[in-house]
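The structure under discussion appears below in the form of structure tokens.
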Amino acid sequence: MANSTREIRRRVRSVKSIRQITRAMELVAAAKMQRAVAAVQQSRRYANLAWGMLRSITVGMDFRSHPLLASRPRQRLLLILLASNRGLAGGFNTRITDAAREYMNEQKNQTPTLEIETVSLGKKGRDDLLKHGHKLVAEFERSERAITSADVAPLVKMIFQDYEAGKYDVAAVAYTDFVSMLKQEPRVKEILPLTTRDSKLGSVYAETLDKEEALDKAEGYWQHLFEPDLETVLAATIPRLLEVQLYQALLESVASEHAARMMAMRNASDAAVDLIDDLTLTYNQLRQSSITSELAEISAGRLALGV
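So the number in the working numbering is just where the residue sits in the sequence shown, counting from 1, plus 553.
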């Protein structure tokens, strides 16, 4: 009995110590999430304006005339996977890696001869791609500090150069869309060739684009004059728009990761409280049983002695 109660007390102390750690991690994740969500909300406005500009300058344009806008036969695909460097974030990494594999399988089923190569941003994504035997052509480190557009600049440069050189026919990014603190949705978005349809990361409502395009035409946006010419404007604009897409996707993923980690640590803390209550109840029951047995032994001894 003594050993049992001592073991329970030891377990209670251990669980309380773990709860302190998970509670601290929850608070840290909550603070990081607030900053990340603020960055997401600010960047969404910029991203939406950027895509509105692309939509307005390409109204009535023949997309086949530009290599970054024209669709090609799908022979080679590049998938960029955005995941985290660390675990303890619930199902955050599992959901996005599952979504990425599902997308690649779908594309492979549609085009059996399709060649797929991958790029990872985040150690967990890299580990999953290698584990499942996918061809990893590049790996980029994901910074743990505040995210800036400089974090995606090397990746954008590589994608842009390889796509222009004809190394890939399609480029897609797998990321996690931040919807709310309680909801994060894994998503795969094709970013090359560029399209004005379904282009808003973080606030993708394709059904509204028909109305927006009709409004653009009604307001005469297609009558823009370009200096020196449209091709030069697009050559300067499109690389920046690609950077906007990847930067927005990374911000969405970071905010989603912190939200998932905060909820995972909160659930762990709540589970620790429940376990402490159960252990305390068991301890009290054992102590009560021990005291009752001791009292019974004392009473029996007194009766035997005739006291």
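Think of the CB as a built atom: it goes at the ideal place given N, C-alpha and C, for glycine as much as any other residue.
On a predicted model such as this, the values are computed, not experimentally measured, just so you know.
Inter-residue Cα distance where the pair is residue i and residue j
i, j, result
"residue 570", "residue 602", "49 Å"
"residue 694", "residue 743", "22 Å"
"residue 650", "residue 622", "28 Å"
"residue 546", "residue 628", "Residue 546 falls outside the range modelled here, since the chain spans only 554 to 860, and no answer is possible."
"residue 791", "residue 798", "11 Å"
"residue 653", "residue 636", "11 Å"
"residue 849", "residue 557", "20 Å"
"residue 807", "residue 669", "25 Å"
"residue 674", "residue 794", "19 Å"
"residue 608", "residue 828", "56 Å"
"residue 811", "residue 591", "13 Å"
"residue 610", "residue 803", "26 Å"
"residue 681", "residue 598", "33 Å"
"residue 725", "residue 630", "8 Å"
"residue 735", "residue 785", "44 Å"
"residue 755", "residue 782", "Only weak support exists for where residue 755 lies, its pLDDT of 46 falling under 50; the coordinates are left without a value."
"residue 816", "residue 633", "26 Å"
"residue 584", "residue 845", "50 Å"
"residue 767", "residue 600", "Annotation note: pLDDT 45 at residue 767 (below 50); position unreliable, coordinate value reported separately. Between residue 767 and residue 600, the C-alpha separation is close to 20 Å."
"residue 578", "residue 818", "7 Å"
"residue 683", "residue 638", "15 Å"
"residue 700", "residue 560", "46 Å"
"residue 595", "residue 697", "20 Å"
"residue 659", "residue 727", "14 Å"
"residue 626", "residue 582", "44 Å"
"residue 747", "residue 830", "56 Å"
"residue 718", "residue 822", "52 Å"
"residue 648", "residue 657", "14 Å"
Collapsed DSSP secondary structure at residue i in the structure displayed
i, result
"residue 782", "coil"
"residue 650", "helix"
"residue 721", "coil"
"residue 740", "strand"
"residue 726", "strand"
"residue 735", "coil"
"residue 641", "coil"
"residue 747", "coil"
"residue 665", "coil"
"residue 698", "coil"
"residue 797", "helix"
"residue 705", "coil"
Exposed unless 16 or more other CB atoms sit within 10 angstroms - verdict on residue i
i, result
"residue 685", "exposed"
"residue 851", "exposed"
"residue 809", "buried"
"residue 666", "exposed"
"residue 715", "buried"
"residue 841", "exposed"
"residue 740", "buried"
"residue 834", "exposed"
"residue 730", "buried"
"residue 574", "exposed"
"residue 712", "buried"
"residue 679", "buried"
"residue 645", "buried"
"residue 580", "exposed"
Assumed close pair residue i, residue j - CB separation to whole angstroms, cut-off 8 Å
i, j, result
"residue 672", "residue 800", "With a Cβ gap of about 15 Å, residue 672 and residue 800 do not count as contacting."
"residue 805", "residue 593", "6 Å"
"residue 737", "residue 813", "6 Å"
"residue 832", "residue 565", "5 Å"
"residue 796", "residue 702", "6 Å"
"residue 572", "residue 825", "4 Å"
"residue 709", "residue 745", "Wrong, their Cβ atoms sit about 11 Å apart, outside the cutoff."
"residue 562", "residue 836", "7 Å"
"residue 643", "residue 677", "Not a contact, Cβ separation roughly 13 Å."
What are the complete beta strand (DSSP E) segments, minimum 3 residues, inside the region 564-639?
-> 629-635
Could I get the ranges of all uninterrupted alpha helix (DSSP H) runs contained in the region 668-694, with 4 residues as the minimum, in chain order?
-> 676-684
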